[in-house]
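J.:
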Amino acid sequence: MAPAGDRPGYWGPPTSTLDWCEENYVVSYYIAEFWNTVSNLIFILPPIYGAIQSYRDGLEKRYIIAYLCVTAVGLGSWCFHMTLKYEMQLLDELPMIYSCCVFVYCLYECFKYKKTINYPLLFLLVAYSIGVSIVYLNWKQPVFHQVMYGTLVSILVLRSVYIVLWVYPWLRGLGYTSLTVFLLGFFLWNVDNIFCDKLRDLRERLPPLVNVVTQFHAWWHIFTGLGSYLHILFRCGNFPGRLVGEIPASCSVSDVVTNLFLPSRKFQKCHAMLGKTLFILFIYLRIYILPFIEKSLGRSQ
């Protein structure tokens, strides 16, 4: 039985093993979880721009692949939250494992020179990805995926802390900001899961365009997408001279946050890139998404 507040929609009843707190098909007949879907734009647009800029700047292919992996996660998550079908759930969750493995490889290879490959680490991460995929396809337990994903994230966090404390302390601003933003998203993800019933009751009493603020799974997408983007910048900056003029000699957390939307000469292209893409995302939402929401709400009344 569908949770209270859900409606029938274009894609039929959910077949996924997870159905998140956002009410299904409330905003649009064609999108099961509207806000959980469109919030994935933060995973799609900025990393595409980042991959293009990395190619132009001559960075190693592994960093371009890292950006494209984030985009792949965003596309898979879009399909999953739009349909709530099991096949689309796999398209979301398995790329999360693969992209984290790419992140781990990049972070452990950030001190190496160009055109070098760590075959033992590469083999280990490929084996990990294949093993998780095989087990998860045969044992459909979301907790298993969450533990395997959490293991990779923990490795990334520990490695990042080691780098900013003992190797490149001038990158603490980027490192700590990416970690803080990601943890904030994780906190909201847990709030959304634990207090779902109370959040749904609250949304019924709020105006439609105000209760968007309580869609904490969508906020999880936004903060983890932003954190992932900043973490790639952090990894790029670990190699001295790799991003000449883009990663500052020293930066604080406040510097990073301040320059996200108002890039200064100190940060130049790295944050100007993010600021531009987020501005484009805002314009897209204002011109295309909000009118669509208003029409959908009008039809539902």
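Those letters in the sequence shown? Residues 29 to 329, per the working numbering, in order.
The beta-carbon is built from N, C-alpha and C at its ideal position, and this holds for glycine as well.
#1: Would you call the CB atoms of A60 and N68 closer than 8 angstroms?
#2: Considering I183, what are the terminal residues of the alpha helix (DSSP H) in which it resides?
#3: Nearest to R187 by alpha carbon, out of H259, G40 and A79?
#4: Please report the distance separating the alpha-carbon of V209 from that of T252.
#5: If you draw a straight line from the C-alpha of G86 to the C-alpha of Y196, how long is it?
#6: For D225, does the count of other Cβ atoms within 10 angstroms reach 16, so buried, or fall short, so exposed?
#7: Which stretch, first to last residue, makes up the alpha helix (DSSP H) that contains W335?
#8: Classify Y133: buried if its beta carbon has 16 or more other beta carbons within 10 angstroms, exposed otherwise.
#9: Quick check: what's the CA-CA separation for F215 versus Q169?
#10: Would you call the CB atoms of T99 and F131 closer than 8 angstroms?
#11: Scan the region 221-249 and note each continuous alpha helix (DSSP H) run of 4 residues or more that stays entirely inside, going in chain order.
#12: When the Cα atoms are used, what is the spatial distance from L73 to S105?
#13: In the structure shown, what three-state DSSP assignment does S67 receive?
#14: Give me whichever residues DSSP pairs with S56 in a beta bridge.
#15: Would a C-beta distance cut-off of 8 angstroms place V192 and L184 closer than the cut-off?
#16: Given this structure, state the Cα-to-Cα distance separating S256 from G178, to the nearest angstrom.
#17: With distance defined between alpha-carbon atoms, name the residue in L211, I80 and G102 nearest to I92.
#18: Around the Cβ of V66, are there at least 16 other Cβ atoms within 10 angstroms (buried) or fewer (exposed)?
#19: Could you check if R293 is buried or exposed, using at least 16 other CB atoms within 10 Å of its CB as the buried criterion?
#20: Residues in its own chain within less than 7 angstroms of E50 by CB, not counting five upstream and five downstream?
#21: Give the secondary structure of C264 by DSSP, where H, G and I count as helix, E and B as strand, and everything else as coil.
#22: Indicate the three-state DSSP secondary structure (helix, strand or coil) for L135 in the structure shown.
#23: Classify T208 as helix, strand or coil using the three-state DSSP reduction.
T.: In this structure, then:
#1: One thing to note: A60 has its Cβ no nearer than 8 angstroms to the Cβ of N68.
#2: Annotation: the continuous alpha helix (DSSP H) that includes I183 extends over P170 to Y190.
#3: For R187, the closest alpha carbon among the candidates H259, G40 and A79 is that of H259.
#4: Between the C-alpha atoms of V209 and T252 there is a straight-line separation of about 7 angstroms.
#5: G86 and Y196: Cα-Cα distance of roughly 22 angstroms.
#6: Classification for D225: exposed.
#7: Coverage of the chain is limited to positions 29 through 329, which leaves residue 335 absent and any answer about it impossible.
#8: Looking at its Cβ environment, which holds 16 or more other Cβ atoms inside 10 Å, Y133 is buried.
#9: One Cα belongs to F215, the other to Q169, and the distance between them is close to 22 angstroms.
#10: Contact check for T99 against F131 fails: the beta carbons are separated by 8 angstroms or more.
#11: Complete alpha helix (DSSP H) runs here, min 4: 224-233.
#12: Roughly 14 angstroms between the two C-alpha positions.
#13: Of the three classes helix, strand and coil, the one that applies to S67 here is coil, per DSSP.
#14: Partner residues in the beta bridge of S56, as assigned by DSSP, are I59.
#15: No, the Cβ-Cβ distance between V192 and L184 is not below 8 angstroms.
#16: One C-alpha to the other measures close to 14 angstroms.
#17: Of the candidates L211, I80 and G102, the one whose C-alpha sits nearest the C-alpha of I92 is I80.
#18: Looking at its Cβ environment, which holds 16 or more other Cβ atoms inside 10 Å, V66 is buried.
#19: Because R293 carries a pLDDT of 45, less than 50, the predicted location of this residue cannot be relied on, and no value is offered for it.
#20: Hits under 7 angstroms: E61, W63, N64, Q243 and H245.
#21: Helix, per DSSP.
#22: Note: L135 maps to helix in three-state DSSP.
#23: Of the three classes helix, strand and coil, the one that applies to T208 here is helix, per DSSP.
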